[in-house]
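Asker: Sequential numbering from 296 applies to the sequence shown in the numbering used here. Submitted below is the structure of interest, expressed as structure tokens.
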Amino acid sequence: MTRAPRRPHTEVLEAVAGLLNAGRERDADALLRADYPIAPAPDRRRAYTLREMLQVFLRDGFTDRYTGDRLVHPAALRVLSLRLPKAFPYHPNGKYGLGHQAYWDLFPTIDHMVPVARGGPDTEANWMTCSMLTNARKANWLVEELGWTLRDAPSMAGWDGLTAWFVAYVEDHPDVLVESDPATRASVRYVNTWHRATVDALRVEAPAKPE
Numbered sequence: 296m297t298r299a300p301r302r303p304h305t306e307v308l309e310a311v312a313g314l315l316n317a318g319r320e321r322d323a324d325a326l327l328r329a330d331y332p333i334a335p336a337p338d339r340r341r342a343y344t345l346r347e348m349l350q351v352f353l354r355d356g357f358t359d360r361y362t363g364d365r366l367v368h369p370a371a372l373r374v375l376s377l378r379l380p381k382a383f384p385y386h387p388n389g390k391y392g393l394g395h396q397a398y399w400d401l402f403p404t405i406d407h408m409v410p411v412a413r414g415g416p417d418t419e420a421n422w423m424t425c426s427m428l429t430n431a432r433k434a435n436w437l438v439e440e441l442g443w444t445l446r447d448a449p450s451m452a453g454w455d456g457l458t459a460w461f462v463a464y465v466e467d468h469p470d471v472l473v474e475s476d477p478a479t480r481a482s483v484r485y486v487n488t489w490h491r492a493t494v495d496a497l498r499v500e501a502p503a504k505p506e
């Protein structure tokens with residue numbers, strides 16, 4: 296059975312306005328509830344574990360599933376900020392203009408394709424990798440309401456989000472994990488935590504070698 300296309304919200308409000316002009320407030324109320332209902336806010340913000348995030352990022356090849364843009368491993372970005380703080384600054388609150396724009400454009404996060412606030416399940420099948428910028432734009436909209444399409448996840452063989460570089464760089468430059476400066480202590484701990492989680496995740500992802 297083919298689902299009828301969703302009525303544009305502007306048409307719904309136009310019809311509601313017409314019903315109000317006709318003094319049909321009850322019908323206007325019913326129309327709004329049926330065709331443009333309130334989207335309730337979720338009870339709490341979902342907190343993902345590093346393992347969950349990495350599983351999704353690796354599954355999606357560190358690619359924004361809505362735009363097709365390549366993204367970069369979160370800790371790879373932070374290593375760049377530790378090594379090149381003036382050219383690639385990090386801001387703890389993500390303030391645009393104070394931190395490098397890559398933390399919005401290329402930083403991966405998890406989005407619910409069908410928002411939980413719209414009845415979507417909080418399961419991995421509904422989790423999609425996207426950039427922080429895309430996530431902010433999508434908010435609680437459905438993909439079809441934005442005119443977007445869900446793109447297929449590419450193979451990790453093509454792009455790994457600088458994951459391999461991140462792991463190798465940290466192992467070749469262990470000083471990046473040393474908390475020598477109070478100003479960068481939080482970033483160093485962040486890199487350390489992500490490094491351990493990434494090594495574990497890659498170990499799980501790697502196929503077993505035949506004996």
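Virtual Cβ for every residue (Gly too), placed ideally from N, Cα, C.
Sort out for me which residues DSSP pairs Thr424 with in a bridge.
Answerer: Bridge partners of Thr424: Ile405.
Asker: Could you have a look at Thr458 and say whether DSSP puts it in helix, strand or coil?
Answerer: Residue state, collapsed to three classes: helix.
Asker: Can you tell me which residues form a DSSP beta bridge with Arg365?
Answerer: Thr358
Asker: Got a sec: does the ligand ATP put a non-hydrogen atom nearer than 7 Å to the Cβ of Pro387?
Answerer: Ligands in the displayed structure: none, and consequently the ligand ATP is not present.
Asker: On the criterion of 16 or more Cβ atoms from any shown chain inside 10 Å, does Asp406 qualify as buried, or is it exposed?
Answerer: buried
Asker: The alpha helix (DSSP H) with Arg321 in it runs from where to where?
Answerer: Glu320 to Asp330
Asker: Looking at C-alpha atoms only, which residue of Thr424, Leu349, Pro477 and Asp417 is the closest neighbour of Asp447?
Answerer: The shortest Cα separation from Asp447 among Thr424, Leu349, Pro477 and Asp417 belongs to Thr424.
Asker: For Val473 and Arg491, I'd like the C-alpha separation in whole angstroms.
Answerer: 14 Å
Asker: Quick one: grab the DSSP three-state call for Tyr398.
Answerer: Here Tyr398 sits in helix by DSSP.
Asker: Nearest CA to the CA of Ala459: which residue from Thr488, Ala370 and Val409?
Answerer: Answer by Cα proximity: Ala370.
Asker: I believe Val374 touches Val494 by the beta-carbon criterion, under 8 Å. Please report the beta-carbon distance rounded to the nearest angstrom.
Answerer: With a Cβ gap of about 15 Å, Val374 and Val494 do not count as contacting.
Asker: Whole angstroms are fine: how far does the CA of Gln396 sit from the CA of Leu365?
Answerer: One detail in the question is off: residue 365 reads as Arg in this sequence, not Leu. Their backbone Cα atoms lie some 15 Å apart in a straight line.
Asker: Could you spell out the range, first to last residue, of the alpha helix (DSSP H) harbouring Asn316?
Answerer: Here the alpha helix (DSSP H) through Asn316 covers His304 to Asn316.
Asker: Run the CB neighbour count on Val499, radius 10 Å, all protein chains shown included, and call it buried at 16 or more, exposed below.
Answerer: Val499 should be labelled exposed.
Asker: Give me the residue from Arg360, Tyr385, Val367 and Gly453 with the minimum Cα distance to Ala481.
Answerer: Its Cα nearest to that of Ala481, the residue Tyr385 stands out among Arg360, Tyr385, Val367 and Gly453.
Asker: Rounded to whole angstroms, what is the Cα-Cα separation between Phe357 and Leu326?
Answerer: 42 Å
Asker: When burial is assigned at 16 or more other CB atoms within 10 Å of the CB, is Gly414 buried or exposed?
Answerer: So Gly414 counts as exposed.
Asker: For Phe461, tell me which candidate among Val367, Val307 and Lys433 has the shortest Cα-Cα distance.
Answerer: Cα-wise, what sits closest to Phe461 is Val367.
Asker: Shortest alpha-carbon distance to Thr429 belongs to which of Thr404, Thr305 and Arg301?
Answerer: Thr404
Asker: Contact check, Asp417 vs Val411 under 8 Å by CB: the rounded distance?
Answerer: 6 Å
Asker: With 16 other CB atoms within 10 Å as the buried threshold, where does Thr479 fall?
Answerer: buried
Asker: Using the DSSP secondary-structure output, state which residues sit across from Tyr391 in a beta bridge.
Answerer: Gly394
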